[in-house]
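Below is one structure; the comments refer to it alone.
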Amino acid sequence: MSAARPPEGACTAGRQAEGTPRTGRLLRGLHGAGRNFVRNPILMLALTLVLLQVLLSVFAPVLAPHDPVAQAVEARMAPPDAQYLLGTDKLGRDVLSRIIFGYRASLGIAFSAVFMALLVGGSMGIWAGYKGGWIDRVVMRLADVLFAFPIILLAIGV
1 MSAARPPEGA
11 CTAGRQAEGT
21 PRTGRLLRGL
31 HGAGRNFVRN
41 PILMLALTLV
51 LLQVLLSVFA
61 PVLAPHDPVA
71 QAVEARMAPP
81 DAQYLLGTDK
91 LGRDVLSRII
101 FGYRASLGIA
111 FSAVFMALLV
121 GGSMGIWAGY
131 KGGWIDRVVM
141 RLADVLFAFP
151 IILLAIGV
């Protein structure tokens, strides 16, 4: 028994090729996107910097040269040298150690804000998409109102 083939020149858009699983096309598409991702130098630099900050925040207790809250009164306002690579502040605390430990708080706040936005926005979007109708229209108008305000005004207000 032979498989029915479309006539020569017929439109076959959206059809799956014979013997090619649908996941194969998806993986080829992802491979192409990954190749473009790696070829973009600015994107790779940004990714490297973000990964460096994440690694610094995770391994802060190991990488920081000094305790970030320990005070060395004799080293107040010390300039950068071999012991304090970025110097010390008014209380004699190592500036580099405080920056490294500061990554933890900054990244924790950023990740929690993204998680909350994903949780609220994702659940509202799923709910609006599932229900449809007037609920979808109301949720979309709320999203339009949020997008109408400049981000800086929201940051100042919060």
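For the sequence shown, the working numbering gives the first residue as 1, with consecutive numbering after it. Note that beta-carbon positions come from the ideal geometry of N, C-alpha and C, so glycine has one too.
Local conformation of residue i per DSSP, three classes
i, result
"D81", "coil"
"D94", "strand"
Contacting residues, own chain, Cβ-Cβ under 8 Å from residue i (five flanking each side not counted)
i, result
"G129", "D136"
"L107", "Q53, V54 and S57"
"P80", "L86 and G87"
"L30", "none"
Beta-carbon proximity list for residue i, same chain, < 6 Å, skipping 5 on both sides
i, result
"Y84", "A78 and D94"
"L96", "L85 and L86"
"A117", "none"
"A75", "T88 and G92"
CB contact flag (residue i, residue j, <7 Å)
i, j, result
"V73", "G92", "yes"
"V114", "M124", "no"
"R104", "A70", "no"
Sequence-distant residues of its chain with Cβ nearer than 7 Å to residue i (five each side left out)
i, result
"R98", "P68"
"G102", "none"
Query raised in the report: Touching or not, the stretch 21–29 and the stretch 53–70, by the rule of three or more beta carbon pairs under 8 Å?
Result: In this structure the stretch 21–29 does not lie against the stretch 53–70, because fewer than three pairs of beta carbons, one per stretch, are closer than 8 Å.
**Report entry** Complete runs of the alpha helix (DSSP H) confined to the stretch 13–77 [at least 4 residues]
**Finding:** Listed in chain order, they are 22–39, 41–58 and 60–63.
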